[in-house]
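Colleague: So the protein lines, in turn, are chains A and B.
Using the numbering used here, the first residue of the first sequence is number -16, and each one after it goes up by one.
Using the numbering used here, the first residue of the second sequence is number 2, and each one after it goes up by one.
Here it is: the structure, laid out below.
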Amino acid sequence: MKIKTEQFQATAREELKTRHTRTHLDLVGLLLREKRQATMGLFPDPAAALDLGRTIRAEAVERLPELLEQFERNAAARGAVVTWARDAREANDHILRIAKEHNVRLVTKGKSMVTEETGLNEVLLKNGIEVFETDLGEFIIQLLEKPPYHIVGPALNIPVRQICDLFLDKGIMKEPTLDPVELGHAARIFLRDKFHYVEMGITGVNMAVAETGTIINVENEGNIRLTKSSPRIQVSVMTLEKVVPTMRDAMHMLRLLCRNSTGQLLGSYVSMDTGPHGKGELDGPEELHIVILDNGRSSFYRDTEAREILRCIRCGACMLECPVYGKIGGYPYGWAYSGPMGQVLNPLMLGQERTRDLYRACTFCGACKAVCPAGIDHPRKFLSYRAGDARGDPTYGAKRRPWTERSFMEMFTWATKRRWRWDLGLRSVRPFINRHAREGFIRNMKGPLAGWFKSRDFPGMAPKTFHDGMHKRGK
Amino acid sequence: MSQTGKDEILGRLKAAPKKAIPPRPAVPPLNELALNREETIGKFVENLTSLGCEVHRVRDPGEALAKLTEIARAAGLKRILASEDDVVAPLDLPGWGRQNDIEVFTPKDCRDREDFKRIAFEEAQAGVTGVDFGVAESGTLCLIHDASQPRLVSLAPIRHIVIVPADRIRPVYETVTDKLFAAEGTAPSHLTFITGPSMTADIQATLFAGMHGPKDVTVILVEETAA
Ligand code: SF4
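Below, the structure is given as structure tokens:
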């Protein structure tokens, strides 16, 4: 997958023009929010349930190395083959090797953000292996060659007419239709053959249970179950933070995941593998390969603040809550991970220099943090990246801000540090500011501050400060 | 790659500074745990119904078969794939099929994996299974997969008919998983929680059933089972 995080502003501007995207997203967002609140409200104590989820994820991340070893031990004891991959390349090479060893020509995939991250499809296709995304949304964007729009609904924004044209063009169906149900049915028929004859299935992992060595997938369509049931070889790829301590923890997280991502009590299908299939079974994998992918995560794990993002369970709730995402949609974020979770994760994975617009696209309303079942404080992370920029901190490749901004900030800090400087400053800038104010607001300005005023207004200043006024009355 | 990769990754994780593990907050038990038998069954049925599943309550296995006949007639079923789990096997569905002019395939009839897959994907108009547990909190059907309960029976055909003994209904997931995952090495290799039909909302958020799996999930809830 091409990384386009640098083009955030340009893409956002484009997306703002497509009205369709916005009105539709607004509706979906409203509906989902209502369903989420209703299902979360079914917990006897919703706040405590949320709190427990956050604690489980925090514990899982703090105990990460120990839990991963325990998970590997238990999964291997049941016959799963566990492999560790340092980066995307190692993971892809490994999966390609398994495919080649078994002469695999046809692969189906369940939706997984991690293989989106590693660009696995391109690698398999280049080696002559047919790969089909089978989640309806992923299937559509694979045909369109577009990145996912949202981690839960990757093709939510694509208009029906475009899907119809696409399906006709690619021979998925013969007769045009604008009915989403019939389009879905055409995809069912087309993919059914693939499921029947698939030789290797590739899935992501929602949770890996350390205590039992079990991997868990949650879905609604059944494509993951088919991908795990029909072929003889199953490869499930997980990033290393997917692990939870116990099966009980997994069950609680399952409830939180489903309620927060789609407002369901539970996804239609939750499937749990503890090793490959047993003796005499007619379906299910003879070989179960689990790939644990690092891809840079263990490096920022050393930073106790940064590692907080590893708690994320990919529910997607923060995106639909985010007022910025609500306007611009998923594309501007330029990678597999969009919205607030992407704004936190992408700078750590890709470096701050190419993602600096991401963590500035924030109103600091805190809606993401409030909803997050994993207990991530997104706004706080944005502030720390921005502070990193100001310092030119090389840890995540921050690049210093322009000298104009820096010197302005230094002056500002200097001025605010002493009471008399501040008062003096106020008095001296007041006439200047008020001269530019129209109807009590400065709406634009020339010079180095022009950019700031493009999207903000600054109120004019009262002739006297509150303090001065009080002072006078007191006398 | 794997050994050095693993050592490197774990090495970095272990060398990282530690932070205190936060204490677990107290969470009140789920409401379903306080329900009596009849209420638990009621909750299970209520949840299934709101998922769009048809639920038929019958007294005994004889009535269950009669209901199955009715369902098969109404839907015009001619070819059914049935599992051989401990709920369905005692019903002798192949015998029932002969009486009702319905071809019933079972895993035993299949020559091999390919043959089974052909029947599951191409032939069967419905899959019939039992359950190992039902869970009231979300109307969930729990299936343990083994030689008698292949995965595709409840998945590949467009219709899934499930026979649920009432005494297998449990209040919450943990009552099921605590038992199944209690001892090391005894956990089922594959466990599925089915909650309603196969769904999608990927095109313009239009919700519809029958994406890749069953479009209809019909539950026959049996009050008393023989044994
Ligand atoms: S950051 Fe939190 S709210 Fe956002 S996807 Fe992850 S778990 Fe969900």
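Virtual Cβ for every residue (Gly too), placed ideally from N, Cα, C.
Because the structure is a prediction, the values reported are computed rather than measured.
1. Ignoring anything shorter than 3 residues, give me the beta strand (DSSP E) runs that lie fully in the stretch 46 to 86 of chain B, in order along the chain.
2. Select from G120/A, A82/A, K0/A, I123/A the residue whose C-alpha is nearest the C-alpha of L103/A.
3. Which term fits N37/B, buried or exposed, when burial requires 16 or more other beta carbons within 10 angstroms of its beta carbon?
4. Return yes when at least one heavy atom of the ligand SF4 lies under 7 Å from the C-beta of V354/A, else no.
5. Suppose only complete runs of 3+ residues qualify. What are the beta strand (DSSP E) ranges in the stretch 98 to 161 of chain B, listed by chain order?
6. Mind checking the stretch 240 to 256 of chain A against chain B and listing, in chain order, the residues whose C-beta falls within less than 9 Å of any C-beta there?
7. Measure the Cβ-Cβ separation of I216/A and V65/A and say whether it is below 8 Å.
8. When you compare the CB positions of L33/A and P356/A, do they come within less than 8 Å of one another, or not?
9. Considering only their Cβ atoms, is the gap separating A137/B from E33/B smaller than 8 Å?
10. Quick one: which chain B residues come within Cβ less than 8 Å of G258/A?
11. Helix, strand or coil for L192/B? Go by DSSP, reduced to three states.
12. Examine the ligand SF4 and report whether any of its heavy atoms sits within less than 7 Å of the Cβ of A300/A.
13. Beta carbon of R112/B, beta carbon of D266/A: below 8 Å?
14. Decide yes or no for the touch test of the stretch 172 to 182 of chain B against the stretch 75 to 95 of chain A: beta carbon pairs closer than 8 Å, at least 3 of them.
15. Exposed or buried, which one is N110/A when buried takes at least 16 other CB atoms within 10 Å?
16. Comparing C-alpha positions only, which one of V227/A, N329/A, K352/A sits nearest to Y342/A?
17. Run through DSSP, which three-state label would R171/B get?
18. Over what stretch of residues does the alpha helix (DSSP H) that includes N104/A continue unbroken?
19. At what residues does the alpha helix (DSSP H) containing N57/A begin and finish?
20. Excluding sequence positions up to five away, which residues of its chain have a Cβ less than 6 Å from the Cβ of Q53/A?
21. Check whether the Cβ of I146/A lies closer than 8 Å to any Cβ atom in chain B.
22. Considering just the uninterrupted stretch of the beta strand (DSSP E) at N200/A, what are its terminal residues?
23. Under the assumption that L174/A contacts T117/A (Cβ atoms under 8 Å), give the Cβ distance between them as a whole number of angstroms.
24. Could you pull the DSSP bridge partners for A210/B from this structure?
25. Over the uninterrupted beta strand (DSSP E) stretch that includes T257/A, give me the two end residues.
26. Looking at the C-beta of N86/A, does it have a partner C-beta in chain B at a distance below 8 Å?
27. Just verifying my parser: in three-state terms, what is the DSSP assignment at R16/A?
28. Quick check: does the Cβ of I216/A come within less than 7 Å of any heavy atom belonging to the ligand SF4?
29. Where are the beta strand (DSSP E) runs, 3 residues long or more, that stay fully inside the stretch 150 to 190 of chain A, in chain order?
30. For the alpha helix (DSSP H) that I112/A lies in, which residues bound it at each end?
31. Check this for me: beta carbons of L107/A and L127/A, under 8 Å apart or not?
32. Are there 16 or more other CB atoms within 10 angstroms of the CB of W397/A, so buried, or fewer, so exposed?
33. Kindly indicate which three-state DSSP category W67/A falls into: helix, strand or coil?
34. With three or more beta-carbon pairs closer than 8 Å as the criterion, would you say the stretch 292 to 302 of chain A touches the stretch 248 to 258 of chain A?
35. Please report the Cβ distance between R37/A and G358/A, rounded to the nearest whole angstrom; I am assuming they are in contact, meaning their Cβ atoms lie under 8 Å.
36. If we require 4 or more residues per run, which alpha helix (DSSP H) segments fall completely within the stretch 385 to 416 of chain A?
Modeller: Quick look at the numbers:
1. 55 to 59, 80 to 83
2. Sequence index remark: in the first sequence, residue 103/A carries index 120 (1-based). The option with the nearest alpha carbon to L103/A is A82/A.
3. Position 36 of the second sequence, counting from 1, holds the residue named residue 37/B. Exposed: under 16 other Cβ atoms inside 10 Å.
4. Against the first sequence, residue 354/A aligns to sequence position 371. For the ligand SF4, at least one heavy atom lies less than 7 Å from the Cβ of V354/A.
5. 104 to 106, 127 to 131, 134 to 136, 141 to 146
6. C241, T245, Q247, L248, L249, G250, S251, Y252, V253, S254, M255, D256
7. Along the first sequence, read from residue 1 onward, the residue named residue 216/A stands at position 233. Along the first sequence, read from residue 1 onward, the residue named residue 65/A stands at position 82. For I216/A and V65/A, no; Cβs fall outside 8 Å.
8. The residue you call residue 33/A lines up with position 50 of the first sequence. The residue you call residue 356/A lines up with position 373 of the first sequence. Yes. Within cutoff.
9. Reading the second sequence from its first residue, position 32 is the one you call residue 33/B. Reading the second sequence from its first residue, position 136 is the one you call residue 137/B. With a cutoff of 8 Å on beta-carbon distance, E33/B and A137/B are scored as near each other.
10. Start at 1 with the first residue of the first sequence, and residue 258/A comes out as number 275. Correct list: S190.
11. As a first step, residue 192/B is located in the second sequence; it is residue number 191 there, counting from the start. In the structure shown, L192/B falls within a strand segment according to DSSP collapsed to helix, strand and coil.
12. Here the question's residue 300/A lines up with position 317 in the first sequence. Because some heavy atom of the ligand SF4 lies under 7 Å away, the Cβ of A300/A counts as near it: yes.
13. Start at 1 with the first residue of the second sequence, and residue 112/B comes out as number 111. Start at 1 with the first residue of the first sequence, and residue 266/A comes out as number 283. Not closer than 8 Å, so no.
14. no
15. If you number the first sequence from 1, residue 110/A lands on position 127. Answer is exposed; the Cβ neighbour count stays below 16.
16. The residue you call residue 342/A lines up with position 359 of the first sequence. The shortest C-alpha separation from Y342/A is found at N329/A.
17. By 1-based counting over the second sequence, the position of residue 171/B is 170. R171/B falls in the strand class under three-state DSSP.
18. Taking the first residue of the first sequence as position 1, residue 104/A is located at position 121. Note, N104/A: alpha helix (DSSP H), 103 to 109.
19. Counted from its first residue, the first sequence places residue 57/A at position 74. Per DSSP, N57/A belongs to the alpha helix (DSSP H) from 47 to 60.
20. Numbered from 1 along the first sequence, position 70 holds the residue referred to as residue 53/A. If we look at Q53/A and ignore the five residues flanking it on each side, its Cβ neighbours are A193.
21. Here residue 146/A refers to the residue found at position 163 of the first sequence. By this cut-off, I146/A is an interface position.
22. Residue numbering aside, residue 200/A sits at position 217 when the first sequence is read from its first letter. Element bounds for N200/A: 197 to 202.
23. In the first sequence, counting from the first residue as 1, residue 174/A sits at position 191. In the first sequence, counting from the first residue as 1, residue 117/A sits at position 134. At roughly 5 Å, the Cβ-Cβ gap stays under 8 Å, so L174/A and T117/A are in contact.
24. As a position in the second sequence, residue 210/B is number 209, starting the count at 1. For A210/B, DSSP records a beta bridge to M200/B.
25. For this step, residue 257/A is matched to residue 274 along the first sequence. T257/A -> no beta strand (DSSP E), and no H or E assigned at all.
26. Residue mapping note: residue 86/A aligns to position 103 of the first sequence, counting from 1. Output row for N86/A: interface = no.
27. Here residue 16/A is taken as the residue at index 33 of the first sequence, counted from 1. In this structure, R16/A counts as helix in the three-state DSSP scheme.
28. If you number the first sequence from 1, residue 216/A lands on position 233. No, Cβ of I216/A sits at least 7 Å from all heavy atoms of the ligand SF4.
29. 183 to 186
30. Indexing the first sequence from 1 puts residue 112/A at position 129. No alpha helix (DSSP H) holds I112/A; DSSP gives it neither H nor E.
31. One-based indexing of the first sequence puts residue 107/A at position 124. One-based indexing of the first sequence puts residue 127/A at position 144. It is not a contact, given that the beta carbons lie outside the stated cut-off.
32. In the first sequence, counting from the first residue as 1, residue 397/A sits at position 414. So W397/A counts as exposed.
33. Position 84 of the first sequence, counting from 1, holds the residue named residue 67/A. Looking at W67/A - three-state DSSP - the assignment turns out to be strand.
34. no
35. By one-based count along the first sequence, residue 37/A stands at place 54. By one-based count along the first sequence, residue 358/A stands at place 375. Right, the Cβ-Cβ distance comes to about 3 Å (below 8 Å), so this counts as a contact.
36. 386 to 399
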